[in-house]
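All remarks here apply to the structure that follows.
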Amino acid sequence: MTTPSSSRPTPPSPPRSPSSASRERVLARIRAATAGAGEAPDVPRDYLTRHVPDDPEALLGLLHENLADYRAQVHRTTENELPQLIGRLLDRRGARSVAVPPGLPERWLSATTAERRGDEPRLGPYELDATDAVVTGCALAVAETGTIVLDGGPGQGRRALTLVPDLHLCVVRTPQQVVASVPLALARLGPTRPLTWISGPSATSDIELNRVEGVHGPRTLEVILVTGGPSDGH
Amino acid sequence: MSGVFVGMPAFPEAARTAVADATLRSNLRHATHTIRDKRARAVAELADWVELREAGRRIKEQTLRHLDRHLLRLEESVTGAGGTVHWAADAEEANRIVADLVRATGETEVVKVKSMATQEIGLNEALAAEGIRAYETDLAELIVQLGDDRPSHILVPAIHRNRGEIRDVFRSEMGKWGRPAPDGLTDAPAELAEAARLHLREKFLRAKVGISGANFMVAETGTLVVVESEGNGRMCLTLPETLISVVGIEKVVPSWRDLEVFLQTLPRSSTAERMNPYTSMWTGTSDDDGPSAFHLVLLDAGRTDVLADETGRQALRCIRCSACLNVCPVYERAGGHAYGSVYPGPIGAILTPQLRGTASGIDASLPYASSLCGACYEVCPVAIDIPEVLVHLRERIVERGGPGHRRERATMKAAGWVLDHPSLLAAGERLATRTRALHPRNPPGARAWTESRDLPELPAEPFRDWWRKNRT
Chain A
9 MTTPSSSRPT
19 PPSPPRSPSS
29 ASRERVLARI
39 RAATAGAGEA
49 PDVPRDYLTR
59 HVPDDPEALL
69 GLLHENLADY
79 RAQVHRTTEN
89 ELPQLIGRLL
99 DRRGARSVAV
109 PPGLPERWLS
119 ATTAERRGDE
129 PRLGPYELDA
139 TDAVVTGCAL
149 AVAETGTIVL
159 DGGPGQGRRA
169 LTLVPDLHLC
179 VVRTPQQVVA
189 SVPLALARLG
199 PTRPLTWISG
209 PSATSDIELN
219 RVEGVHGPRT
229 LEVILVTGGP
239 SDGH
Chain B
27 MSGVFVGMPA
37 FPEAARTAVA
47 DATLRSNLRH
57 ATHTIRDKRA
67 RAVAELADWV
77 ELREAGRRIK
87 EQTLRHLDRH
97 LLRLEESVTG
107 AGGTVHWAAD
117 AEEANRIVAD
127 LVRATGETEV
137 VKVKSMATQE
147 IGLNEALAAE
157 GIRAYETDLA
167 ELIVQLGDDR
177 PSHILVPAIH
187 RNRGEIRDVF
197 RSEMGKWGRP
207 APDGLTDAPA
217 ELAEAARLHL
227 REKFLRAKVG
237 ISGANFMVAE
247 TGTLVVVESE
257 GNGRMCLTLP
267 ETLISVVGIE
277 KVVPSWRDLE
287 VFLQTLPRSS
297 TAERMNPYTS
307 MWTGTSDDDG
317 PSAFHLVLLD
327 AGRTDVLADE
337 TGRQALRCIR
347 CSACLNVCPV
357 YERAGGHAYG
367 SVYPGPIGAI
377 LTPQLRGTAS
387 GIDASLPYAS
397 SLCGACYEVC
407 PVAIDIPEVL
417 VHLRERIVER
427 GGPGHRRERA
437 TMKAAGWVLD
447 HPSLLAAGER
457 LATRTRALHP
467 RNPPGARAWT
477 ESRDLPELPA
487 EPFRDWWRKN
497 RT
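From first to last, the protein sequence lines are chains A and B. Numbering of the first sequence is given in the numbering used here, commencing with residue 9 and proceeding in unit increments. Numbering of the second sequence is given in the numbering used here, commencing with residue 27 and proceeding in unit increments.
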């Protein structure tokens with residue numbers, strides 16, 4: 009197996025593109041095209057910020073329902089029982105190795121016998137491909153759409169970690185990491201971090217416009233909703 | 027637009043062939059009807075759909091009004107975040123920029139995320155000419171690429187293929203491109219998806235250069251957004267060392283907050299989902315995550331011509347959801363290939379003739395590829411009044427003239443004169459009703475019009491005569 013090393017070589021710098029003339033040309037064309045146009049009206053923002061009431065129990069129920077609707081496996085547990093549940097789920101799926109993002113609470117993997125593979129130094133693509141599972145936290149979850157969002161923060165790791173292994177276990181702390189809607193989610197996320205929004209396992213609608221689960225991303229997504237956890241976010 | 031589809035017959039001829047293909051019609055009917063109902067349900071879940079649609083439309087209008095400003099802001103943000111911005115005035119320039127960038131990495135193959143813009147400019151062909159092989163990684167694009175076929179739908183380029191045809195393509199072609207299809211592959215969709223997974227994985231793992239488009243670019247933050255389902259997008263955006271994104275200039279939105287509208291309307295309109303499985307957002311480069319080099323190629327290629335047309339510019343609001351294709355009675359029957367462009371269906375009928383002009387037969391016929399029923403406008407999440415633009419483009423084509431149009435204009439002029447003179451009109455009506463028996467079934471020289479329309483039958487006497495006799 010060839011494994012690219014963790015520190016990447018810097019690619020040779022590309023030739024300076026002679027596109028600055030085109031830049032001026034395109035900008036001039038835009039200005040000419042819009043020269044006579046009137047001012048566009050302001051954007052009305054009278055759409056809803058959320059479509060469901062602000063009730064943590066109901067939000068949790070909705071998140072659960074929507075995650076399951078798109079074929080994520082959903083589990084509920086307490087902070088105390090989390091390690092046992094993670095251990096059981098990894099066992100049940102026959103996962104013998106698990107990728108561990110930096111900053112993942114050590115307790116979470118205290119009840120599994122799967123081989124832990126840390127990402128410092130970085131795991132290469134082939135190493136990741138030969139890793140059965142990955143366990144992460146998340147930045148937040150969106151109840152209305154059944155979405156979890158990862159932003160590369162502690163316990164989440166870089167994007168490839170949750171992409172190449174075939175099983176992704178994602179822990180959501182409730183209620184603090186659950187938001188109702190897409191607008192509320194965006195307001196809480198930092199755009200400068202690489203973000204991945206995940207709604208169910210990998211799927212496609214490309215064969216006769218019917219949804220089929222399981223293409224390139226993890227084919228199994230297990231979401232664990234934890235209650236009674238620490239209130240410090242991650 | 028590049029000449030990928032040149033030599034296409036005009037829409038009516040191409041459509042006639044397509045309509046005669048029973049398998050094609052059944053594939054299309056099945057697929058479009060499935061998605062239609064699902065979309066309606068997904069949209070009905072949001073009580074504020076009307077407001078979201080209006081907001082989406084206004085955001086795009088605002089952006090287009092000051093497109094120069096937003097693009098400059100975007101350039102600044104992307105550059106500040108470690109990316110490099112290139113400007114391409116036309117398809118050739120964009121292709122050359124990308125080819126140069128790939129060559130500078132020393133690589134001879136790239137993996138691609140499904141992208142309308144790169145299809146439009148014929149990037150794969152241009153790269154092939156430079157000795158660079160581009161692998162399509164979206165399932166439907168893979169089916170099209172392996173089958174040496176052409177895309178026929180914006181979202182599902184292989185919509186014209188049913189599962190049996192897809193299995194046949196995989197069986198016979200996959201081995202020529204890499205890992206062959208598994209033995210005993212059946213036409214079960216899950217097995218077909220698995221075959222694609224195995225075939226493409228080796229390409230993802232060794233890829234050093236990824237090429238993508240983007241659904242949105244946020245000027246304020248420099249963030250690019252790719253909305254997808256399979257995870258092939260994530261693979262291409264995350265694993266390679268160099269990422270090149272080719273994006274039309276109209277894809278910019280001013281602020282981060284604007285995404286809250288489109289991330290609600292796009293998935294529901296396109297795949298009828300509350301949210302698509304994967305959405306990736308990245309801003310320039312990150313020290314410890316994803317590609318270490320990021321290039322953004324901003325593409326004009328006719329878009330500024332569209333922008334200059336007061337009525338036609340609304341086509342630039344399009345977010346490529348393809349809802350208009352799925353509800354269109356003409357698309358359902360004629361299929362995507364008849365439109366002779368990577369943009370088929372109602373949106374293609376207004377976008378293609380504007381992007382590449384109406385000089386060719388196919389492009390001049392596209393604004394007529396519609397019954398003007400308006401279903402496309404109704405489902406459009408950014409409220410593009412497609413029928414309005416179609417009629418506007420027809421006007422443009424008529425003004426330019428042609429034999430049929432000259433006759434039509436002469437007839438209209440004569441009719442106008444008669445309608446202006448009441449006694450002349452009355453005499454004409456009487457003459458017409460009394461000579462009923464002598465009328466030909468179809469007026470000579472108007473076959474193009476009467477071929478698909480019946481002439482109304484004339485009554486035995488004009489209404490004004492009947493009225494005079496019967497009103498007392």
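For every residue, glycine included, the Cβ atom is placed at its ideal position computed from N, Cα and C.
{"Query": "Contact list for Val-244 (chain B) against chain A, beta-carbon separation under 9 angstroms", "Result": "Pro-199"}
{"Query": "Listed by chain order, chain A residues near Leu-182 (chain B) by CB distance under 7 angstroms", "Result": "Contrary to the premise, residue 182 (chain B) reads as Val rather than Leu in this sequence. Near Val-182 (chain B) (Cβ distances below 7 angstroms), the residues of chain A are Ser-213, Asp-214 and Leu-217."}
{"Query": "Cα-Cα separation, Val-190 (chain A) to Val-157 (chain A)", "Result": "11 angstroms"}
{"Query": "Pair within 8 angstroms by beta-carbon distance, Glu-216 (chain A) and Ala-66 (chain B)", "Result": "no"}
{"Query": "Contiguous alpha helix (DSSP H) assignments of at least 4 residues, all confined to the region 45 to 70 of chain B", "Result": "48 to 70"}
{"Query": "Proximal residues of chain A, C-beta to C-beta of Leu-78 (chain B) below 9 angstroms", "Result": "Tyr-55 and Leu-56"}
{"Query": "Classification of Gln-92 (chain A) by the beta-carbon crowding that lies within 10 angstroms, buried from 16 upward", "Result": "exposed"}
{"Query": "Test: Glu-168 (chain A) CB closer than 8 angstroms to a CB of chain B", "Result": "Here the sequence assigns Ala to residue 168 (chain A), which means Glu is not the residue at that position. Chain B contact via Cβ: present."}
{"Query": "Buried versus exposed call for Ala-114 (chain B) [16 or more other C-beta atoms within 10 Å across all chains shown]", "Result": "buried"}
{"Query": "Glu-89 (chain A), DSSP secondary structure in three states", "Result": "coil"}
{"Query": "is_contact[Gln-88 (chain B), chain A] using C-beta, thresh 8 angstroms", "Result": "yes"}
{"Query": "Cβ shell of Gly-173 (chain B) (< 7 angstroms), same chain only, five flanking positions each side left out", "Result": "Val-195 and Glu-199"}
{"Query": "Own chain residues within Cβ distance below 6 angstroms of Thr-212 (chain A), not counting five before or after", "Result": "Val-220 and Val-223"}
{"Query": "8 angstroms Cβ cutoff, Arg-39 (chain A) in contact with chain B", "Result": "yes"}
{"Query": "4 or more residues per run - each alpha helix (DSSP H) lying fully within the region 455 to 495 of chain B", "Result": "473 to 476"}
{"Query": "Proximal residues of chain B, C-beta to C-beta of Gly-102 (chain A) below 9 angstroms", "Result": "The contacting residues do not exist; Gly-102 (chain A) stays about 18 angstroms from chain B at best."}
{"Query": "Chain-ordered neighbours of Asn-258 (chain B) on chain A, where CB pairs are closer than 8 angstroms", "Result": "Val-223 and His-224"}
{"Query": "Chain A contacts from the region 303 to 321 of chain B (Cβ-Cβ distance under 8 angstroms)", "Result": "Pro-303, Tyr-304, Thr-305, Ser-306, Met-307, Trp-308, Thr-309, Ser-312, Asp-314, Asp-315, Gly-316, Ser-318, Ala-319 and His-321"}
{"Query": "Contact under 8 angstroms by Cβ, Ala-149 (chain A) with Leu-71 (chain A)", "Result": "yes"}
{"Query": "Own chain residues within Cβ distance below 8 angstroms of Leu-54 (chain B), not counting five before or after", "Result": "Ile-185, His-186, Tyr-357, Glu-358, Arg-359 and Gly-361"}
{"Query": "Below-8 angstroms beta-carbon distance, Glu-414 (chain B) vs any chain A residue", "Result": "no"}
{"Query": "Rounded Cβ spacing between Ala-36 (chain B) and Gly-387 (chain B) (contact assumed at less than 8 angstroms)", "Result": "4 angstroms"}
{"Query": "Chain B residues whose Cβ lies nearer than 8 angstroms to that of Gly-154 (chain A)", "Result": "Arg-300 and Met-301"}
{"Query": "Start and end residues, beta strand (DSSP E) containing Lys-86 (chain B)", "Result": "No beta strand (DSSP E) contains Lys-86 (chain B), which is instead part of the alpha helix (DSSP H) from 75 to 91."}
{"Query": "At least 3 beta-carbon pairs within less than 8 angstroms: the region 293 to 312 of chain B vs the region 96 to 108 of chain B", "Result": "yes"}
{"Query": "Helix, strand or coil at Gln-185 (chain A) according to DSSP, with G and I counted as helix", "Result": "coil"}
{"Query": "Contacts around Ala-152 (chain B), its chain only, beta-carbon distance under 7 angstroms, and the 5 residues preceding and following it disregarded", "Result": "Asn-121 and Ala-125"}
{"Query": "Members of the region 100 to 115 of chain B that neighbour chain A once the beta carbon cut-off is set at 9 angstroms", "Result": "Glu-101, Ala-107, Thr-110, Val-111, His-112, Trp-113, Ala-114 and Ala-115"}
{"Query": "Beta-bridge pairing of Phe-196 (chain B) - partner residues as DSSP gives them", "Result": "DSSP output for Phe-196 (chain B) lists no bridge partner at all."}
{"Query": "Close beta carbons around His-242 (chain A), own chain, < 7 angstroms, minus the five adjacent residues each side", "Result": "For His-242 (chain A), the predicted structure reports a pLDDT of 43, less than 50, and the residue's modelled location is therefore unreliable. A value from the coordinates is still provided. Closer than 7 angstroms at the Cβ level, and outside the excluded window around His-242 (chain A), lie Gly-145, Gly-161, Pro-162 and Gly-163."}
{"Query": "Cutoff 8 angstroms; reference Arg-167 (chain A); Cβ partners in own chain excluding five residues on either side", "Result": "Leu-158, Gly-160, Pro-202 and Thr-204"}
{"Query": "Own chain residues within Cβ distance below 8 angstroms of Val-273 (chain B), not counting five before or after", "Result": "Ala-143, Gly-239, Ala-240, Met-243, Leu-250, Leu-322, Val-323, Leu-324 and Leu-325"}
{"Query": "Residues of the region 122 to 140 of chain A whose Cβ lies closer than 8 angstroms to any Cβ of chain B, in chain order", "Result": "Arg-130, Pro-133, Tyr-134 and Asp-137"}
{"Query": "Buried/exposed call for Arg-462 (chain B), threshold 16 Cβ in 10 Å", "Result": "exposed"}
{"Query": "Segment limits, alpha helix (DSSP H) that includes Ile-232 (chain A)", "Result": "Looking at the DSSP string, Ile-232 (chain A) is not in any alpha helix (DSSP H); the run it does join, the beta strand (DSSP E), is 228 to 235."}
{"Query": "Ala-160 (chain B) in three-state terms, based on DSSP", "Result": "strand"}
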